[in-house]
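Working notes, beginning with the structure itself.
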Amino acid sequence: MHDIWNPWHGCKKVSEGCKHCYMYFLDQKNNKNGADIYRTKAGFYYPIQKDRKGNYKIKSGEKLRVCLVSDFFLEEADQWRNEAWEMMRERSDVKFFLLTKRPERVRDCLPKGWGDGFENVFFNVSCENQRRADERIPILLELPFKHKGIMCAPYIGPVSIEKYLKTGQIEQVICGGENYDGARPCNFDWVKSLQAECVEHNVTFCFIETGSNFIKDGKLYHMPKKSVQNLMAYKSGMNYQGKPIEFKLQYAHGGPIDKEDLYVPKYKEKCEQCANKLICNGCSNCGRCEK
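The sequence shown begins at 642 in the numbering used here and counts up one residue at a time.
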């Protein structure tokens, strides 16, 4: 997918949400060990790769989700992170979505000259249940980032974040159920409660998928197909567009980017009923949805 940047692969499990990690599951299917951590070869320099005409492949205004098969603040990645930060600094015209289960490590991992944060970096913490929300969100609120969000995925227990939303720092909340072997159920009542708190504070809320096992009105539904999970999440009507998130992107040489130079996401007919559209980077025309 064109909106994913995996500079390294592999991770170490640190909390309840890691128990049935999708990366471990998929690696095991390929006879690999998800705990093996290594810098990727082809993908490491993805944000600064250029085409034959010398233009960046990633266009100004696009969003890259970082380390979906690892954690950007993993201790084993300390040796590679500074170079990754420099690419984010160079691509000040691109939005980078960071997600971690290790916010306690973040302050010591920030690059020189960080100040109060890069305008193009959107920092998120993973909160799979109330325990982790109360552990990680207070740290998130104290860290110097221009843009902050929360991801409740895999959503394995009810979470209330209203007291954190009141600070005005949280710009987006994403939630979704768990997948693959041993997936713990996600309860629709939890989703509705979380969404109501976000609506109350005008914070964007995106329910991306039900997970393999979903409870609604006391009944357990088993939905192994990701496409079905996504469609059911869309049909739930939970997604809510809150206050717009404004990224002050700049050209690498400085100065604001002209509106006509910004990437405009493209969507297909199938995208209209996709739960991810609210936060999506647009269609890359990869053809996977046609198969």
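Virtual Cβ for every residue (Gly too), placed ideally from N, Cα, C.
When DSSP labels each residue in this structure, what does residue 686 get in the three-state scheme? Reduced to three states, the DSSP call for residue 686 is coil.
Give the secondary structure of residue 732 by DSSP, where H, G and I count as helix, E and B as strand, and everything else as coil. Correct three-state label for residue 732: coil.
Just to confirm the assignment, what range does the beta strand (DSSP E) spanning residue 862 have? Residue range 860 to 863 is occupied by the beta strand (DSSP E) that includes residue 862.
Checking the sheet assignment: what are the DSSP bridge partners for residue 767? For residue 767, which the question treats as bridged, DSSP gives the partners 792.
In the DSSP assignment, what are the bridge partners of residue 828? BP columns for residue 828 point to 856.
On the three-pair Cβ rule with 8 Å, is the region 674 to 681 touching the region 650 to 661? Judged by Cβ distances under 8 Å, the region 674 to 681 makes contact with the region 650 to 661, as three or more pairs qualify.
Counting only the same chain and skipping the five closest in sequence on each side, list residues whose C-beta sits under 6 Å from that of residue 668. Contacts found: 675.
Where residue 648 and residue 694 are concerned, what is the direct C-alpha to C-alpha distance, given to the nearest angstrom? When rounded, the separation of the alpha-carbon atoms in residue 648 and residue 694 is 24 Å.
Can you tell me whether residue 875 is buried or exposed? The criterion is at least 16 other CB atoms within 10 Å of its CB, across all chains shown. Per the 10 Å Cβ criterion, buried.
Go through its chain and collect everything with a Cβ distance to residue 904's Cβ below 7 Å, but skip five positions before and after it. Excluding positions up to five away in sequence, the list reads 700, 701, 702 and 703.
Can you check DSSP and say which residues form a bridge with residue 691? The partner list for residue 691 (beta bridge, DSSP) reads 697.
Local conformation of residue 721 per DSSP, three classes: DSSP, read as helix, strand or coil, puts residue 721 in helix.
Here's the rule: buried if 16 or more other CB atoms are within 10 angstroms of the residue's CB, otherwise exposed. What is residue 894? The C-beta of residue 894 has fewer than 16 other C-beta atoms within 10 Å across all chains shown, which makes the residue exposed.
Report the residue from 773, 803, 810 and 798 whose alpha carbon sits nearest the alpha carbon of residue 783. Residue 810 is the option with its Cα nearest to residue 783.
Checking the sheet assignment: what are the DSSP bridge partners for residue 848? Partner(s): 816.
Residue 744 - DSSP class collapsed to helix/strand/coil: Residue 744 falls in the helix class under three-state DSSP.
Taking just the CA atoms, how far does residue 713 sit from residue 975? Because the chain here runs from 642 to 932, residue 975 falls outside it and cannot be looked at.
Does the distance from the C-beta atom of residue 880 to that of residue 919 stay below 7 Å? Yes, the pair counts as a contact, with Cβ atoms nearer than the cut-off.
Enumerate in chain order the residues of its own chain whose CB-to-CB distance from residue 892 is below 7 Å, with the five nearest sequence positions on each side excluded. The answer, listed in chain order, is 734 and 898.
Between residue 844 and residue 800, which are expected to be in contact by the criterion C-beta below 8 Å, what is the C-beta distance as a whole number of angstroms? About 14 Å separates the two Cβ atoms, so there is no contact after all.
What ranges does the alpha helix (DSSP H) occupy inside the region 852 to 923, keeping only unbroken runs of at least 4 residues that lie completely in it? As far as the region 852 to 923 is concerned, its whole alpha helix (DSSP H) runs of at least 4 residues are 867 to 876.
On the CB-based measure, 16 or more other CB atoms within 10 Å of its CB, does residue 907 come out buried or exposed? With fewer than 16 neighbouring CB atoms inside 10 Å of its own CB, residue 907 falls in the exposed class.
Report yes or no: do three or more beta-carbon pairs, one from the region 859 to 871 and one from the region 759 to 772, lie closer than 8 Å? By the Cβ test, the region 859 to 871 is not in contact with the region 759 to 772, since fewer than three Cβ pairs between them sit closer than 8 Å.
Cα-Cα separation, residue 847 to residue 832: Near 10 Å, if we compare the C-alpha coordinates of residue 832 and residue 847.
Apart from the five residues just before and just after residue 725, which ones in its own chain have a Cβ nearer than 6 Å to its Cβ? Within the same chain, residue 725 has close Cβ partners 648.
Identify whether residue 778 lies in helix, strand or coil by the three-state DSSP scheme. Helix at residue 778.
The alpha helix (DSSP H) that contains residue 715, what's its start and end? It is not in any alpha helix (DSSP H) - residue 715 carries neither H nor E in the DSSP assignment.
How big is the Cα-Cα spacing for residue 807 and residue 696? Going from the Cα of residue 807 to the Cα of residue 696 covers about 42 Å.
Boundaries (first-last residue) of the alpha helix (DSSP H) holding residue 804: Start and end: 803 to 806.
The alpha helix (DSSP H) spanning residue 670 covers which residue range? It spans 663 to 670 - the alpha helix (DSSP H) in which residue 670 sits, taken as one unbroken run.
How many Å lie between residue 825 and residue 659 at the Cα? For residue 825 and residue 659, the distance between alpha carbons rounds to 12 Å.
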